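A.B. asks: Going by my numbering, the first residue of the sequence shown is number 203, and it counts up by one from there.
Yeah, the Cβ is synthetic: ideal placement off N, Cα and C, and Gly gets one too.
Since the structure is predicted, the reported quantities are computational estimates derived from the model, not experimental observations.
Questions regarding the structure given below will be posed in turn.
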Amino acid sequence: MARARVAYAAAAGMVAAGLLAGCGGGSTGTASAPPWTEGAGQEGLVRATVPGNGSDRKVVDGGDVWTFTLATPDDPNVPSAQWPSADTVLTSDQLKGAIPEASAVTLGSCVKGDSGLEKTAKNASCTWSVSLQDGGGYSNSVQVSIVSIGADQRVTESWTSERNKNFANHKAGERFFASGSFSAKGSYYLDNDQSSVLVSDGNMAAWINLTFRGFNSLHDSRNTLLTGIFPVLAKDLADRMPRKYA
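Next comes the structure, spelled out in structure tokens:
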């Protein structure tokens with residue numbers, strides 16, 4: 203189990219490489235792309251929603267909806283030059299909306315990634331530092347990583363394969379959410395505070411990982427991350443690619 207968790211990031215990178223190397227099959231990026239439906243019936247997935255109106259945690263408009271095109275009609279990959287820079291995937295306002303306990307949110311380090319056959323043209327991973335109002339002497343951060351963006355079917359197959367590997371060895375307290383939770387096509391949250399969100403408009407899809415570090419001074423911190431902060435940020439991400447096909 204521990205070895206599987208350590209290999210999490212490496213496995214994601216390997217899948218991204220496979221996406222870029224893929225040929226044939228999958229969606230061609232046309233209006234005939236098949237829809238995805240909420241509540242795809244895999245046993246053990248949990249349906250969940252964002253916090254309700256009584257919560258201080260709020261979904262915040264993150265800006266423009268993402269629009270991607272394939273390299274060629276028969277290539278399932280979106281050229282990395284079209285990918286958003288990881289520092290724009292979530293904004294400081296969105297993070298503050300999800301974490302109202304924060305006194306400050308600051309963009310820290312970013313790295314450009316190797317996405318298979320080419321280097322990403324923009325940052326593939328960025329880490330936000332979060333200062334909490336109560337201090338507490340803890341270091342808190344949220345890392346945002348873009349794993350892959352491409353034709354819906356191809357990205358969904360790769361993301362689902364990675365999710366199922368984690369699900370097969372899951373620990374108590376980990377959550378694997380049904381399709382449609384938070385308006386995302388898929389999502390899960392692991393015991394090491396690594397999480398993943400698959401967003402899709404029914405034509406294109408984006409695989410984005412979020413890693414949380416610290417936040418120990420929050421009340422019931424583990425549950426707060428799992429049922430409060432993560433759902434809001436997952437919804438923020440899903441709003442960047444609203445589903446087109448019902």
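1) Under three-state DSSP, which class holds S341?
2) Apply the 10 Å Cβ neighbour rule to N418 and answer buried if 16 or more other Cβ atoms are within range, or exposed otherwise.
3) Which ranges would you report for the beta strand (DSSP E) in the stretch 352-402 if only whole runs of at least 3 residues count?
4) Use the C-beta contact count for E364: other C-beta atoms within 10 angstroms, 16 or more gives buried, fewer gives exposed.
5) Select from L428, P444, I410, R424 the residue whose C-alpha is nearest the C-alpha of P286.
6) Closer than 7 Å to a non-hydrogen atom of the ligand PLP - does that hold for the CB of S360?
7) Tell me, to the nearest whole angstrom, how far the beta carbon of S383 is from that of Q335; I am working on the premise that it is less than 8 Å.
8) When you compare only the Cα positions, how much space is there between R193 and L435?
9) Helix, strand or coil for S287, going by three-state DSSP, please let me know.
10) Are the beta-carbon atoms of D438 and G264 separated by less than 8 Å?
11) Between G299 and the rest of its own chain, which residues show a CB-CB distance below 6 Å, the 5 nearest in sequence each way excluded?
12) Just to confirm my understanding: we take V252, look at its own chain, exclude 5 residues before and 5 after, and list those with CB closer than 7 Å. What are they?
13) Cα separation between V307 and N425?
14) Measuring straight from C-alpha to C-alpha, what distance separates R356 and V280?
15) Going by DSSP, name the residue or residues bridged to N411.
16) Identify which residue in K367, Y390, A386 has its Cα closest to the Cα of R377.
17) Could you spell out where the alpha helix (DSSP H) holding N425 opens and where it closes?
18) Please state whether the Cβ-Cβ distance between S327 and S343 is less than 8 Å.
C.D. replies: Concretely, from the data shown:
1) coil
2) exposed
3) 377-379, 388-391, 396-402
4) buried
5) I410
6) In the structure shown, the ligand PLP is absent, as is every other ligand, since no ligand is present at all.
7) In fact, because the Cβ distance is near 29 Å, the residues do not count as touching under 8 Å.
8) Since the displayed the chain opens at 203 and closes at 448, residue 193 lies outside it and no answer follows.
9) coil
10) yes
11) K260, V262
12) V261, F384, P433, V434, K437
13) 21 Å
14) 11 Å
15) S347, S398
16) Y390
17) 423-426
18) no
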